[in-house]
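Q: Quick one: the structure is below, and I'll ask about it shortly.
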Amino acid sequence: MPSLFASYLRVYEPLTAFDRDRQVFWRRYAREGRDLGPVDGPVRQRTAVLEALGAGWTRLPDLPDEAYVLQWGDSLLVCPWNLRLRVAEAALNARDGVPSVLADAFVPPVLAGQAKAIVEDWRSGAKVLEQGVPRVHEQIATWGVPLRWFAFVDLEEREFSLTPEGRTLRYRTEISKARRRAHRAVAVLRKSLGDAPITEAVEEGTRWLEEFHPRSIVELDYGGLVNLLPDDDLAADDSPGLVAAGLSALSRGDADDASAVYEKLVERWRAVQLLERCN
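Position one of the sequence shown corresponds to residue 1 (full-length UniProt numbering), numbered consecutively onward.
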């Protein structure tokens, strides 16, 4: 279920990445100003999921198509939310690790069956046969930023805002640059560490990036985490630079420098993760 204390990795695609009907819909959606920005959007998503799962638990409702909209130069790009899929995943996740009696009380088997069908259809159903594998445009991580995400962006792409109206920390880059960095990271990690979990995680992220239109934009957004970090820590955050330094150390065989960088990153983000226990 979406959390207010989460970070996001998003891909915004140009309208040409969608079929004709979707292009017309998203163009009108943007023209009418129906979209919310990345600051207010997560709250809307969380509210939609909670309301959908609280409506008697008899069926998964139809939900409106929503998206983040980004004007990049002369191009209009969108990052769809896929709310129906998110509700289905939240319903299934609500049953995980819960005794069957309680699971059935919260998410009855008939509802769980509907949710499972939606997720399976999304991954391997008729849509795949007709249109190829559907793309999930947004990944969400609660109480931290996965270290592998930092391999896709550069410190110079940082956008930082600290004003009375709000706080923002994000990185935006062309997907072609993100893919080059991802492939380089995989090559370095595979040569240095082999089939380590971090190698597999970066490989998975690299495959995900390959699903999208070549003129897409990748965004790493600290989201609600900016409300957990002091101003000085936000201003000084250089996590993408540290990841780049660690990869550079690995590529030249300097294991000591790579370990020092990794330990610094882990310590930094563990402090954020520990806040979950205080919540």
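Heads up, the beta-carbon is just placed ideally off N, CA and C, and yes, glycines get one too. This one's a predicted model, so the numbers in the text were calculated from it and none came from an experiment.
Just tell me which of Arg181, Phe160, Glu138 has its CA closest to the CA of valine 153.
A: Position 153 of the sequence shown, counting from 1, holds the residue named residue 153. Comparing Cα positions, the closest option is Arg181.
Q: Does the beta-carbon distance from glycine 246 to tyrosine 222 come in below 7 Å?
A: The residue you call residue 246 lines up with position 246 of the sequence shown. The residue you call residue 222 lines up with position 222 of the sequence shown. Contact flag unset, no.
Q: List the whole-angstrom C-beta distance separating alanine 141 from alanine 6, where the pair is believed to meet the contact cut-off of C-beta under 8 Å.
A: What you label residue 141 is simply residue 141 of the sequence shown in a count that begins at 1. What you label residue 6 is simply residue 6 of the sequence shown in a count that begins at 1. With 8 Å as the limit, alanine 141 and alanine 6 qualify as a contact, their Cβ atoms being about 6 Å apart.
Q: Between the alpha carbons of aspartate 74 and glutamate 138, how many angstroms are there, rounded?
A: Counted from its first residue, the sequence shown places residue 74 at position 74. Counted from its first residue, the sequence shown places residue 138 at position 138. The straight-line gap from Cα to Cα measures roughly 23 Å.
Q: Pop quiz: valine 226 and threonine 206 are said to be a contact at Cβ under 8 Å. What is the actual Cβ separation, rounded to whole angstroms?
A: Against the sequence shown, residue 226 aligns to sequence position 226. Against the sequence shown, residue 206 aligns to sequence position 206. At roughly 27 Å, the Cβ-Cβ gap does not stay under 8 Å, so valine 226 and threonine 206 are not in contact.
Q: Answer yes if the stretch 157 to 166 comes into contact with the stretch 11 to 24, meaning at least three C-beta pairs across the two stretches below 8 Å, and no otherwise.
A: No: the two stretches stay apart, fewer than three of their Cβ pairs being nearer than 8 Å.
Q: Counting only runs that start and end within the stretch 18 to 77, where is the alpha helix (DSSP H) found for 4 or more residues in a row?
A: Listed in chain order, the complete alpha helix (DSSP H) runs (minimum 4 residues) inside the stretch 18 to 77 are 20 to 31, 41 to 53.
Q: Is the beta carbon of valine 69 closer than 7 Å to that of aspartate 40?
A: Position 40 of the sequence shown, counting from 1, holds the residue named residue 40. Position 69 of the sequence shown, counting from 1, holds the residue named residue 69. No; because the gap between Cβ atoms is not below 7 Å, this pair is not in contact.
Q: For alanine 63, collect the residues of the same chain with a Cβ closer than 8 Å to its Cβ; drop the 5 residues on either side in sequence, then sort them by chain order.
A: Translated into positions along the sequence shown, residue 63 becomes position 63. Here residue 63 is leucine; the residue named in the question, alanine, does not match the sequence. Here the set comprises Ala48, Ala52, Leu83, Arg84, Val87.
Q: Report the residue from Leu9, Ala235, Lys191, Leu77 whose alpha carbon sits nearest the alpha carbon of phenylalanine 18.
A: As a first step, residue 18 is located in the sequence shown; it is residue number 18 there, counting from the start. That would be Leu77, whose Cα lies nearest to the Cα of phenylalanine 18.
Q: What is the rounded straight-line gap between the Cα of glutamate 130 and the Cα of glutamate 211?
A: Taking the sequence shown and counting its residues from 1, one reaches residue 130 at position 130. Taking the sequence shown and counting its residues from 1, one reaches residue 211 at position 211. The predicted model places glutamate 130 with a pLDDT of 48, which falls under 50 and marks its position as unreliable, so this point remains unresolved.
Q: What's the gap between the Cα of tryptophan 208 and the Cα of proline 14?
A: Along the sequence shown, one-based indexing puts residue 208 at 208. Along the sequence shown, one-based indexing puts residue 14 at 14. Distance between the alpha carbons of tryptophan 208 and proline 14 is about 17 Å.
Q: Between which two residues does the alpha helix (DSSP H) carrying proline 99 extend?
A: Here residue 99 refers to the residue found at position 99 when the sequence shown is read from its first residue. It is not in any alpha helix (DSSP H) - proline 99 carries neither H nor E in the DSSP assignment.
Q: Around the Cβ of proline 197, are there at least 16 other Cβ atoms within 10 angstroms (buried) or fewer (exposed)?
A: Start at 1 with the first residue of the sequence shown, and residue 197 comes out as number 197. By the neighbour-count rule (16 or more Cβ atoms within 10 Å), proline 197 is not buried but exposed.
Q: Just checking my contact of leucine 275 with tryptophan 143 at CB under 8 Å: how many whole Å lie between their CB atoms?
A: Position 275 of the sequence shown, counting from 1, holds the residue named residue 275. Position 143 of the sequence shown, counting from 1, holds the residue named residue 143. So it is a contact: roughly 7 Å between Cβ atoms.
Q: Have a look at the DSSP bridge pairing and note the partners of tyrosine 171.
A: The count along the sequence shown starts at 1 and reaches residue 171 at position 171. BP columns for tyrosine 171 point to Arg158, Leu220.
Q: Are there 16 or more other CB atoms within 10 angstroms of the CB of glutamate 156, so buried, or fewer, so exposed?
A: For this step, residue 156 is matched to residue 156 along the sequence shown. Glutamate 156 is exposed by the Cβ-count criterion.
Q: Please classify leucine 193: does DSSP put it in a helix, a strand, or coil?
A: By one-based count along the sequence shown, residue 193 stands at place 193. DSSP places leucine 193 in helix when its eight states are reduced to three.
Q: So, is glycine 194 buried or exposed, given that buried needs 16 or more other C-beta atoms within 10 angstroms?
A: Position 194 of the sequence shown, counted from the first residue, corresponds to residue 194. Exposed is the call here.
Q: Do you know whose CA, among Ala67, Glu200, Val11, lies nearest tyrosine 29's CA?
A: On the sequence shown, residue 29 is found 29 positions in, with the first residue counted as 1. Out of Ala67, Glu200, Val11, Ala67 has the C-alpha closest to the C-alpha of tyrosine 29.
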